[in-house]
Each structure stands twice: as structure tokens, then as C-alpha cells.
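Numbering (the numbering used here), first residue to last: 25 to 270.
A virtual CB, placed ideally from N, CA and C, is assigned to each residue, including glycine.
In what follows, a single structure is set out as C-alpha cells and then discussed.
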């Protein structure tokens, strides 16, 4: 069965989700999301959520099982939406962008002759891979003579160093799941330019002699943009309640 990309992907996906939400609302299946089911922002959030589920290789039946475990109406409604969304794509032989990668990984797993070649594969420019992408790499590695993957690494830094945090996790996943062996590249004898050497040795490191920030500045550590915005809104609310001029 040939699967085509969903035409005009973003508008088509929004249109499809609006119809699916309208059907669930009409059937009385939406409770938690009923007040916002027709809001553009909610549809945008669902697109992000669906993309995250697929990039992590999480299927609709797994979401449904988790919803059954938690017993939360919100989870059950998301599971129903995901199931209907994926059923529509499969019935009409179309796929979204994350779904295409998913199908490609499945095809590499089931068809040993697919993409078989005598040429080596070189992968560079990445610092992380989601589970679906790692499945693709594993499928390609199993049928190509060699797979070489380059990561920016610095053996002079401990793996706990902030600049290597994401890379260390990626390296561990690749070594465990794909059986890749890390081989350091030879160090060039030529001395780097002073400015580049300074950047390399001090990137994401705070010097001990850094003066404290002036009192008018505050630094926060936020794991994501949403956390930063939540902190900002709480701070603004506290200022307004304290009598600050809006």
C-alpha cells in the first residue's frame, strides 16, 4: 500500500483535528476539553502533542492503555482523539511528517532488502535522536557496510559538564542501542586561534572570578520555555498584587 504525505500538511492537519474534535463534542465524548475544543490554540497544542507521541514511537493503543491505568477523563479523551486521528490517516493511506518517519522505520524493520547498498553512511550535524530516528539508524546500520556518526565531543571535559549534557545522553543511547563504538578523532598539532581556544575552553562555564550580577538582575533556571513563562506570570501577578503600576 502506497502512503502519501498529508497534502498541505499544516492546514490539512488543523482541518482534520477540528472535525474530529467537533465529532467528539457532538457525541458528548469531550468533557475536560469541551470549553476549548474549537479554539485555534488548543488545536495547535494537539498538533505538538501528536508530534511528540509519534516521535517517541508511542502508538494510540499505548496511550489508551495508559488512560485506562490512570482513569483520568482527560487522558481518555486524548486517547480517543489519537485513535481516530490515526485511523483516518491509515484508512485514507496518508501520513503526517512524524508518521512518515514511523512508517519508514517499520519498513526497514520488516524488509531486509529495502535501502540495501554497498556504500557507507555518514551522519553528522545532530546532537540528539528521538526513538523513531534511532530505529531508522538501526535499520540502516543493519544493511550497510558501515555507519559512522559524528558527535561534537571534548575528552578534556567530564561527561557531567554542562556543554556535554545532551551529547553524553545521546552517546550513551547510540552505544547501547546501536552498538556503536566511540573513537576520538586525532587532535591536530596546529594551535587553534586564541579566540576559538578561549571559546572552546570556556563555553557554558562560569569563571570563578565572575562578579555577582547587579541587584536589578535575577537569573532563573527553567527547563522549558513554558516554565519560564509561568515563572514570569507568577512574578508579574505578585508585583501587581503588591501595588505595582501596571
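C-beta contact flag for residue i and residue j at 7 Å
{"i": "residue 227", "j": "residue 187", "result": "yes"}
{"i": "residue 175", "j": "residue 191", "result": "yes"}
{"i": "residue 252", "j": "residue 245", "result": "no"}
{"i": "residue 79", "j": "residue 122", "result": "yes"}
{"i": "residue 132", "j": "residue 163", "result": "yes"}
{"i": "residue 97", "j": "residue 56", "result": "yes"}
{"i": "residue 84", "j": "residue 106", "result": "yes"}
{"i": "residue 69", "j": "residue 88", "result": "no"}
{"i": "residue 152", "j": "residue 194", "result": "yes"}
{"i": "residue 167", "j": "residue 140", "result": "yes"}
{"i": "residue 71", "j": "residue 93", "result": "no"}
{"i": "residue 170", "j": "residue 144", "result": "yes"}
{"i": "residue 61", "j": "residue 49", "result": "yes"}
{"i": "residue 108", "j": "residue 44", "result": "yes"}
Which listed residue (the options) has its alpha carbon closest to that of residue i
{"i": "residue 271", "options": "39, 243, 172, 110", "result": "A query on residue 271 cannot be resolved here, the shown segment of the chain reaching from 25 to 270 and no further."}
{"i": "residue 100", "options": "179, 54, 83, 240", "result": "54"}
{"i": "residue 178", "options": "155, 209, 109", "result": "209"}
{"i": "residue 142", "options": "165, 108, 120", "result": "165"}
{"i": "residue 242", "options": "270, 117, 259, 249", "result": "259"}
{"i": "residue 180", "options": "35, 134, 224", "result": "224"}
{"i": "residue 155", "options": "266, 256, 75", "result": "75"}
{"i": "residue 64", "options": "47, 86, 41", "result": "41"}
{"i": "residue 138", "options": "148, 127, 147, 146", "result": "127"}
{"i": "residue 229", "options": "217, 58, 182, 114", "result": "182"}
{"i": "residue 35", "options": "120, 204, 215, 197", "result": "120"}
{"i": "residue 146", "options": "204, 110, 262, 196", "result": "204"}
{"i": "residue 200", "options": "217, 222, 161", "result": "161"}
For residue i, the residue or residues it bridges with in DSSP
{"i": "residue 145", "result": "171"}
Check your understanding: At which residue ranges does the stretch 84-123 contain complete alpha helix (DSSP H) runs of 4 or more residues, listed in the order of the chain?
Key -> Counting whole runs of 4 or more residues, the stretch 84-123 contains the alpha helix (DSSP H) stretches 84-94, 97-115.
Review point. Which parts of the stretch 154-199 are runs of the alpha helix (DSSP H), unbroken and 4 residues or longer, counting only runs that do not cross its ends?
Key: 155-165
Check your understanding: If you scan the stretch 235-269 from start to end, which runs of the alpha helix (DSSP H) of 4 or more residues do you find wholly inside it?
Key -> 249-265
Practice item. Starting from the N-terminal side, write out each stretch of the beta strand (DSSP E) that is 3 residues or longer and does not extend beyond the stretch 38-65. Key: none
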